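Chemist: Could you have a look at this structure, given as structure tokens, before my questions?
There are 2 protein chains.
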Amino acid sequence: MKIGELAKATGTQVETIRYYEREGLLPETSRTDGNYRIYGEAHAQRLSFIRHCRSLDMTLDEIRVLLRFKDAPTENCGEVNALLDEHIGHVAARIRELRSLERQLKGLRDLCQEARDAAHCGILNELARQGSEGGSSAAGHVHGAHGRSVERKSINDKRK
Amino acid sequence: MKIGELAKATGTQVETIRYYEREGLLPETSRTDGNYRIYGEAHAQRLSFIRHCRSLDMTLDEIRVLLRFKDAPTENCGEVNALLDEHIGHVAARIRELRSLERQLKGLRDLCQEARDAAHCGILNELARQGSEGGSSAAGHVHGAHGRSVERKSINDKRK
DNA sequence: CTTGACTCTTTAGTTGCTACAGGGTTTCTA
DNA sequence: TAGAAACCCTGTAGCAACTAAAGAGTCAAG
Ligand SMILES: [Zn+2]
Ligand SMILES: [Zn+2]
Ligand SMILES: [Zn+2]
Ligand SMILES: [Zn+2]
Chain A
1 MKIGELAKAT
11 GTQVETIRYY
21 EREGLLPETS
31 RTDGNYRIYG
41 EAHAQRLSFI
51 RHCRSLDMTL
61 DEIRVLLRFK
71 DAPTENCGEV
81 NALLDEHIGH
91 VAARIRELRS
101 LERQLKGLRD
111 LCQEARDAAH
121 CGILNELARQ
131 GSEGGSSAAG
141 HVHGAHGRSV
151 ERKSINDKRK
Chain B
1 MKIGELAKAT
11 GTQVETIRYY
21 EREGLLPETS
31 RTDGNYRIYG
41 EAHAQRLSFI
51 RHCRSLDMTL
61 DEIRVLLRFK
71 DAPTENCGEV
81 NALLDEHIGH
91 VAARIRELRS
101 LERQLKGLRD
111 LCQEARDAAH
121 CGILNELARQ
131 GSEGGSSAAG
141 HVHGAHGRSV
151 ERKSINDKRK
């Protein structure tokens with residue numbers, strides 16, 4: 001198959017496939033006379049594996065480790081289990097952070113019940129106060145507070 | 001005060017302060033004869049405001065909106081409240097996503113109790129299966145699953 | 001033979017910083 | 001008063017994981 005067919009088969013964007021190849025997650029394929037990449041079933045499976053891992057928010061580095069084990073079927077998989085445990089820890093840590101954030105934000109929101117002039121808005125005034133450290137600094141790799149898909153979409157929609 | 005003192009006073013890195021200026025979140029300041037930026041109390045407060053918002057995982061664009069209201073004290077703050085509600089929605093949406101992720105990951109983890117050879121690892125085999133869509137695609141801007149601070153730290157620690 | 005759909009490589013943009021490099025300025029100390 | 005340390009300046013590049021676009025080539029259908 002050609003790259004577009006692989007893309008359709010796996011629900012991946014063409015550019016992402018080429019990106020994974022550059023990053024060494026997918027092997028370089030053979031090419032047609034016209035220099036088109038050609039893929040087989042094995043590539044589709046490997047790509048599905050990667051996308052499945054990504055849908056679980058693993059980093060490409062984490063996925064690289066898992067692929068090493070997939071490529072070495074006789075090795076002991078203990079490290080796989082450990083990696084998964086760690087990643088579950090990353091997710092759990094981020095959930096805790098976000099819950100604390102949510103509490104803070106709701107407390108902040110309560111400071112302004114009905115709209116008035118900005119100078120007397122309880123929210124703006126509270127945000128201007130000094131102190132109030134308590135930033136999130138836990139030990140995980142689940143980051144940010146902002147979804148990818150939707151944010152991009154709204155940005156993209158701005159063009160024309 | 002000079003930029004380093006402002007940095008210390010607010011717990012911000014010097015480069016971050018210059019970055020905010022480039023991004024238009026902080027105004028361009030006057031300079032000394034030697035071309036050093038000089039700041040006053042108002043700058044410190046504005047920077048505290050920004051950092052406070054950032055600690056609540058708002059984007060710089062969200063913060064820009066809030067600053068517009070801070071700079072226009074006579075305007076009605078209804079939009080501030082709406083923005084906060086939306087952002088709380090972002091955080092809540094991401095929490096839901098991550099909880100679903102956590103469930104999936106724990107289910108996956110249960111597929112391999114004791115380490116064996118990779119070819120028979122229930123985790124690797126499940127990850128290789130097709131289908132299993134259900135990616136996170138909710139409507140928020142809280143992203144990723146990987147913490148910033150710690151990840152960076154471990155990277156930084158690698159130098160020497 | 002032309003149109004259109006597809007593919008190729010390379011490069012730049014996204015977010016919110018962080019880290020240099022290669023200078024200049026100020027301040028402390030000997 | 002010289003020299004060094006500590007600070008500041010601008011400009012550029014890097015991080016993660018893509019996404020998009022420019023400019024060119026390839027291939028199938030009509
Ligand atoms: Zn992880
Ligand atoms: Zn208000
Ligand atoms: Zn938000
Ligand atoms: Zn296993």
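For the record, the sequence lines run as chains A and B.
Using the UniProt record's numbering, read the first sequence as starting at 1 and increasing by one per residue.
Using the UniProt record's numbering, read the second sequence as starting at 1 and increasing by one per residue.
The beta carbon of each residue, even a glycine, is placed where N, CA and C say it ideally should be.
Keep in mind it's a predicted model, so treat the numbers as computed, not measured.
Between the segment 110-128 of chain B and the segment 74-89 of chain A, can you find at least three pairs of beta-carbon atoms closer than 8 Å?
Modeler: Touching, yes, given that three or more Cβ pairs across the two stretches are closer than 8 Å.
Chemist: Taking 9 Å as the threshold (beta carbon to beta carbon), is Pro27 (chain A) in contact with chain B?
Modeler: No, no contact with chain B.
Chemist: Straight-line CA distance for His90 (chain A) to Asp33 (chain B)?
Modeler: If I take the Cα positions, the gap works out to 49 Å.
Chemist: Buried or exposed: which applies to Ala93 (chain B), given that a residue is buried once 16 or more other Cβ atoms fall within 10 Å of its Cβ?
Modeler: Buried, by the Cβ-count rule.
Chemist: Give a yes or no on whether the minimum CB-CB distance between Arg109 (chain A) and chain B is below 9 Å.
Modeler: Taking Cβ atoms only, chain B reaches closer than 9 Å to Arg109 (chain A), which makes this a yes.
Chemist: Can Cys53 (chain A) be considered in contact with ligand 4, in the sense that its beta carbon sits closer than 8 Å to one or more heavy atoms?
Modeler: No, since every heavy atom of ligand 4 falls outside the 8 Å radius drawn around the Cβ of Cys53 (chain A).
Chemist: Tell me, which residues are paired with Asp117 (chain A) by DSSP?
Modeler: Asp117 (chain A) is bridged to B:Asn76.
Chemist: Any beta carbon of chain B sitting closer than 9 Å to that of Lys70 (chain A)?
Modeler: True, the Cβ-Cβ gap to chain B drops below 9 Å.
Chemist: Report yes or no: is there a C-beta of chain B within less than 9 Å of the C-beta of Arg94 (chain A)?
Modeler: Yes, because at least one Cβ of chain B sits closer than 9 Å to the Cβ of Arg94 (chain A).
Chemist: In this structure, how does DSSP classify Arg37 (chain A) when only helix, strand and coil are distinguished?
Modeler: Here Arg37 (chain A) sits in strand by DSSP.
Chemist: Would you kindly report the start and end of the unbroken alpha helix (DSSP H) that includes Thr16 (chain B)?
Modeler: Run containing Thr16 (chain B): Val14 to Arg22, per the alpha helix (DSSP H) assignment.
Chemist: When you measure from the CB of Ala72 (chain B) to every non-hydrogen atom of ligand 2, does any distance come out below 8 Å?
Modeler: Not under cutoff, so the answer is no.
Chemist: Using a Cβ-Cβ distance under 9 Å, would Ile88 (chain A) count as near chain B?
Modeler: Answer yes: the Cβ-Cβ gap between Ile88 (chain A) and chain B drops below 9 Å somewhere.
Chemist: Please decide whether Lys8 (chain A) counts as near chain B, where near means a Cβ-Cβ distance under 9 Å.
Modeler: Output row for Lys8 (chain A): interface = no.
Chemist: Do we get a CB-CB distance below 9 Å when we pair Gln45 (chain A) with the residues of chain B?
Modeler: So yes, Gln45 (chain A) belongs to the interface.
Chemist: For chain B, find out if any of its Cβ atoms is closer than 9 Å to the Cβ of Val91 (chain A); answer yes or no.
Modeler: With 9 Å as the cut-off, Val91 (chain A) counts as an interface residue toward chain B.
Chemist: Using CA atoms only, rank isn't needed, just tell me which of A:Glu5, A:Gly24 and A:Tyr36 is closest to Ile50 (chain A).
Modeler: Among A:Glu5, A:Gly24 and A:Tyr36, the Cα nearest to that of Ile50 (chain A) belongs to A:Gly24.
Chemist: Give the residues of chain B in contact with Glu23 (chain A), contact being defined as C-beta atoms less than 9 Å apart.
Modeler: Correct list: empty, because the minimum Cβ distance to chain B is about 17 Å.
Chemist: From the DSSP output, which residues share a beta bridge with Arg46 (chain B)?
Modeler: Paired residue(s): none; Arg46 (chain B) is not in a bridge.
Chemist: How big is the Cα-Cα spacing for Asp71 (chain B) and Arg96 (chain A)?
Modeler: C-alpha separation (whole angstroms): 34 Å.
Chemist: Give me the residue from A:Asn35, A:Pro73 and A:Tyr19 with the minimum Cα distance to Leu47 (chain A).
Modeler: Minimum Cα distance to Leu47 (chain A) is reached at A:Tyr19.
Chemist: Classify Tyr39 (chain B) as buried or exposed, calling it buried when 16 or more other Cβ atoms lie within 10 Å of its own Cβ.
Modeler: Its Cβ being crowded by 16 or more others within 10 Å, Tyr39 (chain B) is buried.
Chemist: Can you say whether residue 162 (chain B) is buried or exposed, counting buried as having 16 or more other CB atoms within 10 angstroms of its CB?
Modeler: Outside the displayed range of chain B (1 to 160) lies residue 162 (chain B), so it cannot be described from this structure.
Chemist: Would you tell me roughly how many angstroms separate the C-alpha atoms of Lys8 (chain B) and Ala42 (chain B), rounded to the nearest one?
Modeler: The straight-line gap from Cα to Cα measures roughly 15 Å.
Chemist: When the cut-off is 9 Å and only beta carbons count, does Glu75 (chain B) lie next to chain A?
Modeler: Yes, because at least one Cβ of chain A sits closer than 9 Å to the Cβ of Glu75 (chain B).
Chemist: Where does the unbroken alpha helix (DSSP H) through Met64 (chain A) begin, and where does it stop?
Modeler: It is worth fixing the name first, because residue 64 (chain A) is Arg in this sequence and not Met. Leu60 to Lys70 is the extent of the alpha helix (DSSP H) around Arg64 (chain A).
Chemist: Look at the alpha carbon of Leu111 (chain B) and the alpha carbon of Gln45 (chain A), and state the distance between them as a whole number of angstroms.
Modeler: Taking the straight line joining both Cα atoms gives about 20 Å.
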